[in-house]
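Have a look at the structure below before the remarks.
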Amino acid sequence: MSEFHSNFPSPQMMATSAPAPLPSEPTPKSEEMQVVIAGATGYVGSTVLKRCLADASISRIHVLTRRPLSEETIAGEDARRKVNVVMKTDWMVWEEGEMEVIKGARACFWCIGGRHTQHSRWTPEEYLRVTVDYTAAATRAFAAMMKRERAMMPAQDDVFRFVYCSGDASELVYNRSLWIMGPTRRAKGCAEKTMFDIADGSGGALESITVRPCGIYPARETLWTWFLTRLVLPTLEVDQLAATMVAVGKGGAGRTGRIIFHEDIKKMGREILGRGKGEDGGMFLGGRRQL
(Lines of atoms letter the chains of each structure in order from A and count residues from 1; the text may use other names and numbers.)
(Lines give C-alpha, C1' and ligand atoms only; values in the text may rest on other atoms or scores of the structure.)
Protein backbone atom coordinates (compact mmCIF):
# COMPACT_ATOMS: atom_id res chain seq x y z
CA MET A 1 0.00 0.00 0.00
CA SER A 2 1.31 3.44 -0.86
CA GLU A 3 2.43 5.55 2.08
CA PHE A 4 1.86 8.88 0.36
CA HIS A 5 -0.13 11.10 2.69
CA SER A 6 -2.25 13.61 0.82
CA ASN A 7 -5.55 15.10 1.85
CA PHE A 8 -6.54 16.12 -1.68
CA PRO A 9 -5.04 14.96 -4.96
CA SER A 10 -5.31 17.85 -7.42
CA PRO A 11 -7.19 20.96 -6.28
CA GLN A 12 -6.32 23.00 -9.38
CA MET A 13 -9.90 24.17 -9.81
CA MET A 14 -10.16 25.86 -6.40
CA ALA A 15 -10.93 29.59 -6.23
CA THR A 16 -8.11 31.93 -5.27
CA SER A 17 -7.85 35.19 -3.42
CA ALA A 18 -5.06 37.50 -2.31
CA PRO A 19 -2.70 35.83 0.18
CA ALA A 20 -2.52 36.96 3.77
CA PRO A 21 0.81 38.08 5.28
CA LEU A 22 3.13 35.14 5.84
CA PRO A 23 3.57 34.07 9.45
CA SER A 24 6.43 33.93 11.86
CA GLU A 25 6.49 31.61 14.85
CA PRO A 26 4.18 32.87 17.61
CA THR A 27 5.81 33.76 20.91
CA PRO A 28 4.67 31.23 23.52
CA LYS A 29 4.29 31.94 27.20
CA SER A 30 7.48 31.34 29.16
CA GLU A 31 6.07 28.90 31.71
CA GLU A 32 5.83 25.18 31.10
CA MET A 33 2.56 23.87 29.73
CA GLN A 34 0.58 20.67 29.39
CA VAL A 35 -0.82 19.50 26.06
CA VAL A 36 -3.13 16.80 24.71
CA ILE A 37 -2.52 14.74 21.56
CA ALA A 38 -5.22 12.67 19.85
CA GLY A 39 -4.07 10.35 17.07
CA ALA A 40 -0.49 9.94 18.31
CA THR A 41 -0.16 6.50 16.67
CA GLY A 42 -0.67 7.95 13.17
CA TYR A 43 1.83 9.49 10.76
CA VAL A 44 1.19 13.14 11.66
CA GLY A 45 0.25 12.57 15.30
CA SER A 46 3.38 10.53 16.06
CA THR A 47 5.53 13.33 14.65
CA VAL A 48 3.67 15.90 16.76
CA LEU A 49 4.36 13.69 19.79
CA LYS A 50 8.10 13.62 18.98
CA ARG A 51 8.08 17.38 18.63
CA CYS A 52 6.39 17.82 22.01
CA LEU A 53 8.79 15.38 23.67
CA ALA A 54 11.73 17.46 22.43
CA ASP A 55 10.16 20.76 23.57
CA ALA A 56 11.46 21.76 27.00
CA SER A 57 8.57 24.21 27.50
CA ILE A 58 6.06 21.32 27.43
CA SER A 59 6.07 19.57 30.79
CA ARG A 60 3.29 17.02 30.32
CA ILE A 61 1.79 15.29 27.28
CA HIS A 62 -1.59 13.57 27.67
CA VAL A 63 -1.94 11.09 24.82
CA LEU A 64 -5.53 10.04 24.10
CA THR A 65 -5.49 6.73 22.27
CA ARG A 66 -7.48 3.58 21.55
CA ARG A 67 -4.41 1.35 21.68
CA PRO A 68 -1.20 1.47 23.74
CA LEU A 69 1.82 3.32 22.42
CA SER A 70 4.76 1.22 21.32
CA GLU A 71 7.76 1.04 23.64
CA GLU A 72 9.97 2.74 21.08
CA THR A 73 7.55 5.67 20.85
CA ILE A 74 8.16 6.62 24.47
CA ALA A 75 11.62 5.12 24.90
CA GLY A 76 13.70 6.57 27.68
CA GLU A 77 12.97 7.62 31.22
CA ASP A 78 12.40 11.27 30.34
CA ALA A 79 9.77 10.39 27.72
CA ARG A 80 7.96 7.98 30.03
CA ARG A 81 7.90 10.58 32.77
CA LYS A 82 6.58 13.25 30.41
CA VAL A 83 3.86 11.20 28.69
CA ASN A 84 0.55 10.25 30.28
CA VAL A 85 -1.34 7.69 28.18
CA VAL A 86 -5.13 7.91 28.52
CA MET A 87 -6.90 4.94 26.94
CA LYS A 88 -10.11 6.10 25.26
CA THR A 89 -12.72 3.92 23.56
CA ASP A 90 -15.69 6.27 23.13
CA TRP A 91 -14.75 9.53 21.43
CA MET A 92 -18.29 10.88 21.64
CA VAL A 93 -18.37 10.79 25.45
CA TRP A 94 -15.95 12.74 27.61
CA GLU A 95 -16.22 11.47 31.17
CA GLU A 96 -15.62 13.67 34.18
CA GLY A 97 -12.76 11.42 35.25
CA GLU A 98 -11.04 11.81 31.89
CA MET A 99 -11.32 15.58 31.99
CA GLU A 100 -10.00 15.64 35.55
CA VAL A 101 -6.85 13.80 34.42
CA ILE A 102 -6.08 16.30 31.65
CA LYS A 103 -7.18 19.38 33.59
CA GLY A 104 -4.51 22.03 33.30
CA ALA A 105 -3.73 21.32 29.65
CA ARG A 106 -3.81 24.37 27.40
CA ALA A 107 -3.69 22.86 23.91
CA CYS A 108 -4.93 19.82 22.01
CA PHE A 109 -3.40 18.58 18.75
CA TRP A 110 -6.17 16.69 16.95
CA CYS A 111 -4.68 14.32 14.38
CA ILE A 112 -7.58 11.90 13.92
CA GLY A 113 -9.10 11.32 10.51
CA GLY A 114 -8.06 10.92 6.89
CA ARG A 115 -9.64 10.68 3.45
CA HIS A 116 -13.04 9.22 2.62
CA THR A 117 -11.34 7.04 -0.02
CA GLN A 118 -9.70 4.93 2.68
CA HIS A 119 -12.52 2.37 2.52
CA SER A 120 -10.58 -0.24 4.49
CA ARG A 121 -10.72 2.01 7.54
CA TRP A 122 -14.39 3.00 7.64
CA THR A 123 -17.73 3.19 5.88
CA PRO A 124 -19.04 6.60 4.68
CA GLU A 125 -21.16 6.87 7.84
CA GLU A 126 -18.21 6.02 10.08
CA TYR A 127 -16.05 8.52 8.21
CA LEU A 128 -18.47 11.35 8.98
CA ARG A 129 -18.72 10.29 12.61
CA VAL A 130 -14.93 10.19 13.03
CA THR A 131 -14.22 13.38 11.10
CA VAL A 132 -17.09 15.60 12.23
CA ASP A 133 -18.76 14.21 15.34
CA TYR A 134 -15.61 13.18 17.22
CA THR A 135 -13.97 16.52 16.52
CA ALA A 136 -17.03 18.49 17.61
CA ALA A 137 -17.44 16.46 20.81
CA ALA A 138 -13.81 17.03 21.75
CA THR A 139 -13.96 20.76 21.03
CA ARG A 140 -17.06 21.14 23.21
CA ALA A 141 -15.44 19.15 26.02
CA PHE A 142 -12.29 21.28 26.05
CA ALA A 143 -14.27 24.52 25.84
CA ALA A 144 -16.35 23.44 28.84
CA MET A 145 -13.22 22.41 30.76
CA MET A 146 -11.57 25.78 30.17
CA LYS A 147 -14.73 27.65 31.19
CA ARG A 148 -14.83 25.68 34.46
CA GLU A 149 -11.19 26.45 35.19
CA ARG A 150 -11.76 30.13 34.50
CA ALA A 151 -14.81 30.19 36.76
CA MET A 152 -12.79 28.69 39.61
CA MET A 153 -10.05 31.30 39.11
CA PRO A 154 -11.71 34.54 37.93
CA ALA A 155 -8.37 36.29 37.48
CA GLN A 156 -7.22 33.62 35.03
CA ASP A 157 -7.42 34.52 31.36
CA ASP A 158 -5.77 31.42 29.90
CA VAL A 159 -6.97 30.19 26.52
CA PHE A 160 -7.24 26.56 25.42
CA ARG A 161 -6.12 26.08 21.81
CA PHE A 162 -7.64 23.28 19.75
CA VAL A 163 -5.36 22.65 16.75
CA TYR A 164 -6.96 20.51 14.05
CA CYS A 165 -5.04 18.79 11.25
CA SER A 166 -7.42 19.26 8.32
CA GLY A 167 -6.68 19.26 4.59
CA ASP A 168 -6.10 21.58 1.67
CA ALA A 169 -9.28 22.99 0.10
CA SER A 170 -11.62 21.93 2.90
CA GLU A 171 -15.06 23.38 2.15
CA LEU A 172 -16.84 25.40 4.83
CA VAL A 173 -20.07 25.52 2.76
CA TYR A 174 -21.35 21.96 3.15
CA ASN A 175 -23.86 21.86 0.27
CA ARG A 176 -21.54 23.36 -2.35
CA SER A 177 -21.07 21.22 -5.46
CA LEU A 178 -17.53 19.80 -5.55
CA TRP A 179 -16.02 17.74 -8.34
CA ILE A 180 -12.83 16.63 -6.60
CA MET A 181 -12.72 14.76 -3.26
CA GLY A 182 -16.09 16.23 -2.29
CA PRO A 183 -16.90 13.97 0.70
CA THR A 184 -13.52 14.57 2.31
CA ARG A 185 -13.54 18.31 1.74
CA ARG A 186 -17.12 18.71 3.00
CA ALA A 187 -16.54 16.59 6.10
CA LYS A 188 -13.35 18.38 7.10
CA GLY A 189 -14.92 21.75 6.33
CA CYS A 190 -17.93 20.85 8.47
CA ALA A 191 -15.60 19.90 11.33
CA GLU A 192 -13.77 23.21 10.96
CA LYS A 193 -16.96 25.28 10.93
CA THR A 194 -18.24 23.51 14.04
CA MET A 195 -14.93 24.12 15.80
CA PHE A 196 -15.02 27.80 14.92
CA ASP A 197 -18.63 28.16 16.08
CA ILE A 198 -17.80 26.55 19.43
CA ALA A 199 -14.78 28.82 19.86
CA ASP A 200 -16.81 31.92 18.96
CA GLY A 201 -19.36 31.00 21.62
CA SER A 202 -16.81 30.19 24.33
CA GLY A 203 -16.31 33.73 25.59
CA GLY A 204 -12.62 33.57 24.75
CA ALA A 205 -11.99 30.36 26.66
CA LEU A 206 -11.18 28.36 23.51
CA GLU A 207 -9.37 29.19 20.28
CA SER A 208 -9.86 26.85 17.31
CA ILE A 209 -7.05 26.69 14.75
CA THR A 210 -6.93 24.49 11.66
CA VAL A 211 -3.92 23.64 9.53
CA ARG A 212 -4.54 22.65 5.91
CA PRO A 213 -1.65 20.69 4.42
CA CYS A 214 -1.96 19.37 0.87
CA GLY A 215 0.63 16.64 0.26
CA ILE A 216 3.02 15.33 2.92
CA TYR A 217 6.26 13.59 2.02
CA PRO A 218 5.96 9.86 2.82
CA ALA A 219 8.20 8.09 5.28
CA ARG A 220 9.29 5.60 2.59
CA GLU A 221 9.07 6.69 -1.02
CA THR A 222 8.12 4.70 -4.08
CA LEU A 223 8.46 5.85 -7.69
CA TRP A 224 4.75 6.79 -7.67
CA THR A 225 4.92 8.82 -4.47
CA TRP A 226 8.10 10.50 -5.71
CA PHE A 227 6.22 11.57 -8.84
CA LEU A 228 3.30 12.92 -6.81
CA THR A 229 5.33 14.73 -4.18
CA ARG A 230 8.00 16.16 -6.45
CA LEU A 231 6.09 16.98 -9.63
CA VAL A 232 2.33 17.19 -9.09
CA LEU A 233 1.20 18.22 -5.62
CA PRO A 234 2.30 21.07 -3.36
CA THR A 235 4.03 19.16 -0.58
CA LEU A 236 5.76 19.66 2.74
CA GLU A 237 7.67 17.57 5.25
CA VAL A 238 5.77 16.09 8.15
CA ASP A 239 8.30 17.69 10.51
CA GLN A 240 7.34 21.11 9.14
CA LEU A 241 3.67 20.39 9.77
CA ALA A 242 4.31 19.15 13.32
CA ALA A 243 6.52 22.13 14.16
CA THR A 244 3.84 24.55 12.97
CA MET A 245 1.08 22.78 14.88
CA VAL A 246 3.04 22.80 18.14
CA ALA A 247 4.03 26.46 17.68
CA VAL A 248 0.46 27.69 17.18
CA GLY A 249 -0.74 25.46 20.02
CA LYS A 250 1.69 27.23 22.32
CA GLY A 251 1.37 30.78 21.06
CA GLY A 252 -1.71 31.11 18.87
CA ALA A 253 -2.08 31.51 15.12
CA GLY A 254 -1.06 35.15 15.01
CA ARG A 255 -1.12 36.88 11.64
CA THR A 256 -2.18 33.78 9.70
CA GLY A 257 -5.63 33.73 11.27
CA ARG A 258 -7.32 30.56 12.40
CA ILE A 259 -6.98 28.80 9.04
CA ILE A 260 -3.32 28.15 8.20
CA PHE A 261 -2.83 27.20 4.57
CA HIS A 262 -0.28 24.85 3.04
CA GLU A 263 2.33 27.40 1.96
CA ASP A 264 2.15 29.19 5.31
CA ILE A 265 2.58 25.88 7.16
CA LYS A 266 5.63 25.14 5.03
CA LYS A 267 7.21 28.57 5.49
CA MET A 268 6.54 28.64 9.21
CA GLY A 269 7.87 25.10 9.64
CA ARG A 270 11.07 25.97 7.80
CA GLU A 271 11.62 29.02 9.99
CA ILE A 272 11.05 27.06 13.20
CA LEU A 273 13.32 24.20 12.11
CA GLY A 274 15.96 26.60 10.81
CA ARG A 275 15.99 25.19 7.30
CA GLY A 276 16.47 26.91 3.97
CA LYS A 277 13.85 27.02 1.26
CA GLY A 278 15.05 23.95 -0.60
CA GLU A 279 12.88 22.61 -3.38
CA ASP A 280 9.25 23.58 -3.70
CA GLY A 281 6.99 20.59 -4.10
CA GLY A 282 4.35 21.16 -6.74
CA MET A 283 5.67 22.34 -10.10
CA PHE A 284 2.19 22.41 -11.59
CA LEU A 285 -0.19 23.22 -8.77
CA GLY A 286 1.90 25.21 -6.32
CA GLY A 287 0.57 28.31 -4.68
CA ARG A 288 -1.79 29.36 -1.98
CA ARG A 289 -5.53 28.87 -2.26
CA GLN A 290 -8.25 30.33 -0.11
CA LEU A 291 -11.92 29.47 -0.25
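In this note's numbering, the protein residues as written are 93 to 383. All residues carry an ideal CB built from backbone N, CA and C; glycine is no exception.
Range of the contiguous beta strand (DSSP E) that encloses residue i
i: Glu-363; result: Premise fails: Glu-363 lies in the alpha helix (DSSP H), 354-365, not in any beta strand (DSSP E).
i: Gln-332; result: Where Gln-332 is concerned, there is no enclosing beta strand (DSSP E), although the alpha helix (DSSP H) it sits in stretches over 330-343.
i: Met-179; result: 175-179
i: Val-255; result: 252-257
Where residue i falls: helix, strand or coil (DSSP)
i: Ile-290; result: helix
i: Gly-307; result: strand
i: Ser-300; result: strand
i: Thr-133; result: coil
i: Ser-138; result: helix
i: Leu-156; result: strand
i: Val-185; result: coil
i: Ala-283; result: helix
i: Cys-203; result: coil
i: Arg-198; result: strand
i: Cys-144; result: helix
i: Glu-117; result: Because Glu-117 carries a pLDDT of 47, less than 50, the predicted location of this residue cannot be relied on, and no value is offered for it.
i: Thr-223; result: helix
i: Thr-215; result: coil
Nearest-angstrom Cβ-Cβ length linking residue i and residue j, presumed shorter than 8 Å
i: Val-140; j: Met-337; result: 6 Å
i: Gly-223; j: Gly-196; result: Looking at the sequence itself, residue 223 is Thr, so the reference to Gly does not match. No, Thr-223 and Gly-196 are not in contact; Cβ-Cβ is about 28 Å, not under 8 Å.
i: Tyr-256; j: Glu-284; result: 7 Å
i: Lys-239; j: Ala-297; result: 5 Å
i: Ala-230; j: Cys-203; result: Not quite, the Cβ-Cβ distance comes to about 12 Å (not below 8 Å), so this is no contact.
i: Thr-215; j: Met-287; result: In fact, because the Cβ distance is near 24 Å, the residues do not count as touching under 8 Å.
i: Thr-235; j: Ile-301; result: Here residue 235 turns out to be Ala, not Thr, going by the sequence shown. With 8 Å as the limit, Ala-235 and Ile-301 do not qualify as a contact, their Cβ atoms being about 14 Å apart.
Local Cβ density within 10 Å of residue i, reported as buried at 16 or more and exposed below that
i: Arg-198; result: buried
i: Ser-138; result: buried
i: Gly-366; result: exposed
i: Ser-162; result: exposed
i: Asp-356; result: buried
i: Pro-305; result: buried
i: Arg-253; result: buried
i: Val-136; result: buried
i: Ser-294; result: buried
i: Ala-334; result: buried
i: Ser-258; result: buried
i: Gly-384; result: Any question about residue 384 goes unanswered here, given that the chain covers just 93 to 383.
i: Val-303; result: buried
i: Arg-158; result: exposed
i: Ala-130; result: buried
i: Ala-243; result: exposed
i: Asp-147; result: buried
i: Asp-260; result: buried
Endpoints, alpha helix (DSSP H) assigned at residue i
i: Ala-235; result: 226-244
i: Glu-164; result: Note, Glu-164: premise wrong, no alpha helix (DSSP H); not H, not E.
i: Glu-124; result: That residue, Glu-124, is in no alpha helix (DSSP H); it is neither H nor E in DSSP.
Check: residue i C-beta below 6 Å from any heavy atom of the ligand PLP
i: Ala-279; result: What this structure holds is no ligand at all, so the ligand PLP is not there to describe.
Quiz item: Just checking, does the segment 167-180 make contact with the segment 145-156 on the three C-beta pairs under 8 Å criterion?
Solution: yes
Quiz prompt | Stretch pair the segment 330-349 + the segment 278-290: three plus CB contacts closer than 8 Å | solution = no
Quiz item: Using 8 Å as the Cβ pair cut-off and three pairs as the minimum, do the segment 354-362 and the segment 326-335 touch?
Solution: yes
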